[in-house]
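Following: one structure in structure tokens, then a few remarks.
Number of protein chains: 2
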Amino acid sequence: MTAVRGSTRLANEAWEAMFRAQATLVREFEFDGDWGDVAPREYGVLYALADAEDGLRITDLIDDVLLTQAGVSRLVARLEKRGLVERLADPDDGRACRIVLTSEGRDVQRRVGRAHARHVARAMTRALTAAELETLRDFGKALVAAAPSATSQHSASDSRNTA
Amino acid sequence: MTAVRGSTRLANEAWEAMFRAQATLVREFEFDGDWGDVAPREYGVLYALADAEDGLRITDLIDDVLLTQAGVSRLVARLEKRGLVERLADPDDGRACRIVLTSEGRDVQRRVGRAHARHVARAMTRALTAAELETLRDFGKALVAAAPSATSQHSASDSRNTA
DNA sequence: TTGGAGTACATGCGAAGTCATGTATCAGCA
DNA sequence: TGCTGATACATGACTTCGCATGTACTCCAA
Numbered sequence: 001m002t003a004v005r006g007s008t009r010l011a012n013e014a015w016e017a018m019f020r021a022q023a024t025l026v027r028e029f030e031f032d033g034d035w036g037d038v039a040p041r042e043y044g045v046l047y048a049l050a051d052a053e054d055g056l057r058i059t060d061l062i063d064d065v066l067l068t069q070a071g072v073s074r075l076v077a078r079l080e081k082r083g084l085v086e087r088l089a090d091p092d093d094g095r096a097c098r099i100v101l102t103s104e105g106r107d108v109q110r111r112v113g114r115a116h117a118r119h120v121a122r123a124m125t126r127a128l129t130a131a132e133l134e135t136l137r138d139f140g141k142a143l144v145a146a147a148p149s150a151t152s153q154h155s156a157s158d159s160r161n162t163a
Numbered sequence: 164m165t166a167v168r169g170s171t172r173l174a175n176e177a178w179e180a181m182f183r184a185q186a187t188l189v190r191e192f193e194f195d196g197d198w199g200d201v202a203p204r205e206y207g208v209l210y211a212l213a214d215a216e217d218g219l220r221i222t223d224l225i226d227d228v229l230l231t232q233a234g235v236s237r238l239v240a241r242l243e244k245r246g247l248v249e250r251l252a253d254p255d256d257g258r259a260c261r262i263v264l265t266s267e268g269r270d271v272q273r274r275v276g277r278a279h280a281r282h283v284a285r286a287m288t289r290a291l292t293a294a295e296l297e298t299l300r301d302f303g304k305a306l307v308a309a310a311p312s313a314t315s316q317h318s319a320s321d322s323r324n325t326a
């Protein structure tokens, strides 16, 4: 009803601002964060696994670390070689494997996670108030909720929901 | 100000929501966008160059495409080989080069840019109102403004402590 | 003017990612 | 049961990126 034309410009400004903010902060976190010897993407896997009681499958991790299936497979292989995760056979599906944290992997996740959370909190609160953070969180959730759920780039028409 | 403890959780929720939203949309744009034969990162270079009358230097592009100096150098070399950009000698600095769009590069940028802008607008407006987009844009700018400005990691022996 | 430190860019090399494809398993149907 | 297509994962070939380093140029101070 209102001017659709003008909102295109506004929408792109908002996207670009969000994009740059994200990029800027990711850089800051990568650069002077306490990552120890785990790369940010590796930490992403450990973080995702930390909340999964029965482990996760390779395909589940794809959405968490923004990588292709092949990339996740190799990343998990590296983490396994370093003793941070373990590959177990999936009891329900002979093709799949369940990735779980080893106790060392859990230690690393907790240690890095705490430092990272502090860093994130510092970066966010130095710019936004609590009320604004709440609003930003809601915006983020709304954007994800409004997105078409199929994210896989191999099976193009996978319409399953995030568990 | 308010309880720092509780706001740590909120700040991390906001960060994660923003992170996921960005990742989700980037995926969507990459997957079913009209990129033609230019990768998203390559488009980032063309986009940055589109607004620069006198071209940009390699070091200017670093912040735009989120790559190291070496990465930008190679990326520009590829684009040059494909005839989309051109390297000119910088009249003011013999070490530097000014990257400018060729006419073909400008065409590609415009075509891809229009389609991309429409896609971005669609994704943003389907979740947020105009007022919310404005707020989100302001949040993004605030986050960038509050960040420690120079995060250049391209100078090899920069003053950083490897933990 | 000149020597040394700093900056802009390029490049060798290894790490890490994607694409295409292969193997094993699952699911549905005759 | 046997056949067909889809799914989960691994892997070879290739591309791309970062780190370390090299080269050429600029700037400044003595």
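Which chain is which? The protein sequence lines are A and B, in order.
Note that the working numbering has the first sequence beginning at 1, numbered continuously upward.
Note that the working numbering has the second sequence beginning at 164, numbered continuously upward.
Positions of the beta carbon are idealized from the N, C-alpha and C atoms, including for glycine.
By the DSSP assignment, the beta strand (DSSP E) with residue i in it spans what residues?
i, result
"A:L136", "No beta strand (DSSP E) contains A:L136, which is instead part of the alpha helix (DSSP H) from A130 to A145."
Return the bridge partner residues of residue i from the DSSP annotation.
i, result
"A:R98", "A:L88"
For the alpha helix (DSSP H) containing residue i, list its first residue and its last residue.
i, result
"B:D270", "S266 to T288"
Segments assigned beta strand (DSSP E), at least 3 residues, entirely inside the stretch 25-90 of chain A:
85-89
Quick one: any contact between the stretch 52-69 of chain A and the stretch 7-19 of chain A, if contact means 3 or more CB pairs under 8 Å?
no
What residues from the stretch 7-25 of chain A come within 9 Å of chain B, judged by C-beta to C-beta, listed N to C?
S7, T8, R9, L10, A11, N12, E13, A14, W15, E16, A17, M18, F19, R20, A21, Q22, A23, T24 and L25
Pairing CB atoms from the stretch 121-130 of chain A with CB atoms from the stretch 288-301 of chain B, are three or more of them under 8 Å?
no
Three or more C-beta pairs under 8 Å: does that hold for the stretch 40-59 of chain A against the stretch 84-101 of chain A?
Inter-segment contact for the stretch 40-59 of chain A and the stretch 84-101 of chain A is present: three or more beta-carbon pairs are separated by less than 8 Å.
Three or more C-beta pairs below 8 Å linking the stretch 240-249 of chain B and the stretch 297-311 of chain B:
Not touching, per the Cβ criterion.
Short of 9 Å Cβ to Cβ, which residues in the stretch 131-146 of chain A face chain B?
E132, L133, E134, T135, L136, R137, D138, F139, G140, K141, A142, L143, V144, A145 and A146
Taking only beta carbons into account, state which residues of the stretch 61-74 of chain A come closer than 7 Å to chain B, listed in chain order.
L66
For the stretch 37-53 of chain A against the stretch 99-113 of chain A, are there 3 or more C-beta pairs whose distance is under 8 Å?
yes
Please name the residues in the stretch 38-50 of chain A whose beta-carbon is closer than 9 Å to at least one beta-carbon of chain B, in chain order.
none
The stretch 118-130 of chain A: which residues have C-beta closer than 9 Å to a C-beta of chain B, in chain order?
R118, V120, A121, R122, A123, M124, T125, R126, A127, L128, T129 and A130
Give the residues from the stretch 259-283 of chain B that approach chain A closer than 8 Å (Cβ to any Cβ), ordered along the chain.
A280, R281 and V283
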